[in-house]
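For reference, the structure discussed in these notes is given below.
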Amino acid sequence: MTNFIQPGGGSSTKSISVTIPSDGELIITVPSNEPKCSASIKLEPSTGATDSRVDVAGSPLVTDISYYLLPGVTLNVFAWTTSVIRIEGSEQLLRGVIRSSTKSITRPLVEYHFVLHTQRIAAEKTQCGGPVTLICGGQLTGKTVVARTLANYAARAGWKPILVDLDPGVQQTIGLPGSIGAAILDYPLPLDEVMALSLVSTTYFVGTTEVESFSKLGEALMGAAYVHFSKLLLTCVRERLSTHANDLHGFSGAIIAVPEVHGSSGINFVSELIQQYDVSNVLCLGDDDLFHTLYLRHDRGNAAQPDYVKIDRISHNFSTVPPANADSVMPSRYSDYFLGTGVVDLHPSQWSKPFNSIDVLILKEEQGQVVLSPVPKEELQGIVGCIGALYSSKSGNALQSSPMAYARVQTIDPAGIYFLTSTHFTFPSEKLTLLVGTVRWITST
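In terms of the UniProt record's numbering, the numbers along the sequence shown are unbroken and rise by one, the last being 445.
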């Protein structure tokens with residue numbers, strides 16, 4: 001059923017009411033150009049004897065509550081019982097609503113959640129650390145959504161897991177593209193909540209959206225900066241879990257999403273994470289070769305031993321939808337971060353710093369190691385538009401620190417450097433360090 005609505009602004013939007021059968025799934029693809037806060041979804045009250053129960057990425061829809069549909073996202077709406085949802089938005093959005101003709105991945109994920117839940121209960125009884133779960137596999141398997149789903153189910157069960165996103169690409173959820181991050185989930189995140197804007201988190205600036213490069217012979221090589229900061233972030237996670245080993249935060253464990261990697265270099269990287277950071281469970285999605293390699297390397301010994309690693313797989317996620325082209329989505333991701341996701345753009349802070357009060361460094365790789373190199377003054381114009389990370393002298397070396405803020409380089413002139421930050425900061429009077437890489441926010445101005 002399609003209805004026409006005339007909102008207060010006089011513009012015309014449409015709505016549809018869709019009945020989802022029990023165990024059915026609806027896939028909603030929101031166009032990147034959908035006006036902010038114009039599209040929504042609502043679970044209608046049940047007219048039968050059974051309450052309507054619908055989940056999106058492990059978070060329940062509450063009856064008669066409207067949730068905004070964020071531009072550029074794809075949602076998998078799973079119904080546990082026969083339910084009716086109402087979707088409002090543009091005609092283009094409504095054309096992107098499809099019924100999944102295959103089995104949803106939701107039930108296997110709920111079963112996997114119960115495995116982790118059992119391990120968390122056992123950790124609480126024995127007063128030891130909870131499960132550390134690593135999610136790996138192909139790019140088109142929805143790893144980010146899987147990680148968010150498992151974290152949401154854990155939060156609904158009363159746990160407080162650490163969610164770690166090690167993918168610095170356009171799908172990065174905790175930081176912004178070009179960074180990696182970790183945050184504690186105290187509650188299930190509704191579908192219209194942007195983690196990068198709402199959760200207290202620890203992030204590290206990687207400076208690129210690519211985790212590997214390819215040699216002239218086509219061999220995949222892990223990026224030195226990415227490996228360095230990934231291990232730095234996971235060290236923080238391990239230390240926090242160790243500190244809270246005897247309380248709820250420690251029992252809850254962590255859920256780590258790893259980007260797609262290739263070749264022996266990528267497999268060795270994943271193996272190192274498993275060995276060095278107390279990983280207890282691995283869920284491999286859509287990459288049977290990676291699963292078999294990790295299984296032969298790690299799934300050995302007695303399951304009762306504390307260092308035992310359980311390797312599982314889901315060979316294919318039929319519910320996933322290929323993401324939009326990264327280059328087309330990247331500007332909106334940075335716009336959301338600096339300007340907000342509301343109808344009215346926020347007014348970010350603009351700053352100027354003379355060259356004698358700020359060091360501008362760039363991430364480089366030399367002999368397989370990440371190094372910080374000063375940007376020559378004659379090359380500073382080349383960093384205009386770059387996304388960078390800001391550090392104070394009290395933060396310590398930028399290779400060992402989480403940034404105090406992220407910035408976009410606006411202009412360079414003889415007086416100094418001008419940059420944009422997302423919120424109002426009172427910068428310390430001491431010298432700042434601006435670290436840049438290859439990521440840019442290209443705008444029309």
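In this text, a Cβ means the ideal position worked out from N, Cα and C, and glycines have one as well.
Return the CA-CA distance between residue i and residue j, expressed in angstroms with no decimal places.
i	j	result
residue 452	Glu378	Nothing in the structure corresponds to residue 452, since the chain is present only between 1 and 445.
residue 458	Val73	With the chain represented from 1 up to 445, any question about residue 458 goes unanswered, as that position is not in the structure.
Glu91	Ser38	12 angstroms
Pro354	Val170	32 angstroms
Val436	Arg240	28 angstroms
Pro323	Ala415	42 angstroms
Ala405	Thr421	7 angstroms
Glu212	Asp413	34 angstroms
Cys236	Gly207	20 angstroms
Asp359	Gly130	42 angstroms
Met1	Thr149	Summary for Met1: the model assigns pLDDT 39, below 50, so the residue's position carries little reliability; its value from the coordinates is reported in the next sentence. Answer to the nearest angstrom: the Cα atoms are 30 angstroms apart.
Tyr334	Ser40	22 angstroms
residue 452	Gln139	It is not possible to answer for residue 452, since the shown part of the chain is limited to 1 through 445.
Asn3	Ser15	Here Asn3 scores only 41 on pLDDT, less than 50, and its place in the model is too uncertain to base an answer on.
Leu234	Arg313	23 angstroms
Arg408	Val54	40 angstroms
Asp345	Ala326	23 angstroms
Tyr308	Ser280	6 angstroms
Arg238	Gly89	43 angstroms
Glu430	Lys394	9 angstroms
Gly9	Gly342	Only weak support is given to the placement of Gly9: the predicted model assigns it a pLDDT of 43, under 50, and the value that follows is read from those uncertain coordinates. Near 16 angstroms, if we compare the C-alpha coordinates of Gly342 and Gly9.
residue 450	Cys386	Absent from the model: residue 450. The displayed extent of the chain is 1 to 445, so no value can be given.
Gly253	Glu124	11 angstroms
Val77	Ser100	10 angstroms
Ser46	Asp64	10 angstroms
Val375	His292	44 angstroms
Ile274	Leu283	12 angstroms
Could you round the C-beta distance between residue i and residue j to whole angstroms and report it? I think they count as a contact, below 8 angstroms.
i	j	result
residue 532	Leu372	Here the chain has residues from 1 to 445 only, and residue 532 is not among them.
Ala57	Leu166	At roughly 19 angstroms, the Cβ-Cβ gap does not stay under 8 angstroms, so Ala57 and Leu166 are not in contact.
His249	Lys160	5 angstroms
Ala122	Ile255	Between Ile255 and Ala122 the Cβ distance is about 17 angstroms, and since that is not below 8 angstroms, they are no contact.
Thr202	Gly178	Not really, about 16 angstroms apart at Cβ, beyond 8 angstroms.
Gly24	Ala79	5 angstroms
Leu163	Ala183	6 angstroms
Asp277	Val132	The sequence given here has Tyr at residue 277, not Asp. Confirmed, about 7 angstroms.
Leu93	Glu34	6 angstroms
Should residue i be labelled buried (16 or more other beta-carbon atoms within 10 Å of its own) or exposed?
i	result
Val200	exposed
Phe214	exposed
Ile5	Confidence at Ile5 is low in this model, with a pLDDT of 39, below 50, so its placement is unreliable and the value that follows should be read with caution. It is exposed - the Cβ of Ile5 has fewer than 16 other Cβ atoms within 10 Å.
Val439	buried
Ser264	exposed
Arg107	exposed
Tyr187	exposed
Gln119	buried
Ser328	exposed
Ile135	buried
Ala154	buried
Met330	buried
Asn317	buried
Asp51	exposed
Asn152	buried
Gly175	buried
Ser242	exposed
Cys128	exposed
Val62	exposed
Pro7	Caution applies to Pro7, whose pLDDT of 41 falls short of 50 and renders its modelled position unreliable; the model cannot decide the point.
Ser315	exposed
Going by CA-CA distance only, name the one from the options that's closest to residue i.
i	options	result
Thr173	Gly158, Ala122, Leu189, Arg95	Leu189
Asp247	Val146, Val145, Gly158, Tyr187	Gly158
Ala225	Tyr204, Leu217, His113	Tyr204
Pro168	Thr144, Tyr153, Leu191, Leu185	Thr144
Leu434	Leu109, Gln410, Val164	Gln410
Val384	Leu70, Pro376, Leu432, Ile442	Ile442
Gly137	Val370, Glu25, Gly286	Gly286
Gly96	Leu26, Val282, Val227, His347	Leu26
Val194	Ile255, Gly48, Asp336, Lys431	Asp336
Gln381	Ser395, Gln400, Tyr418	Tyr418
Glu366	Leu283, Pro376, Thr293, Gly223	Gly223
Ile98	Ile105, Leu109, Leu75	Leu75
Ile180	Ser198, His228, Arg156	His228
Leu70	Ser104, Tyr295, Lys216, Gly340	Gly340
residue 446	Leu283, Gln275, Lys42	Absent from the model: residue 446. The displayed extent of the chain is 1 to 445, so no value can be given.
Ala245	Asp64, Thr126, Tyr68, Leu93	Thr126
Ser401	Glu272, Leu232, Pro45	Leu232
Gly268	Lys310, Ala220, Val375	According to the sequence shown, residue 268 is Asn rather than Gly. Closest by alpha carbon: Ala220.
Gln369	Tyr67, Leu399, Gly388, Gln350	Leu399
Ser59	Arg156, Ile105, Ser32, Lys36	Arg156
Validate contact between the stretch 13-27 and the stretch 78-92 using beta carbons, cut 8 angstroms, 3 pairs | yes
Assess, as a yes-or-no matter, whether the stretch 113-125 is touched by the stretch 322-336 under the definition of 3 or more beta carbon pairs within less than 8 angstroms.
-> no
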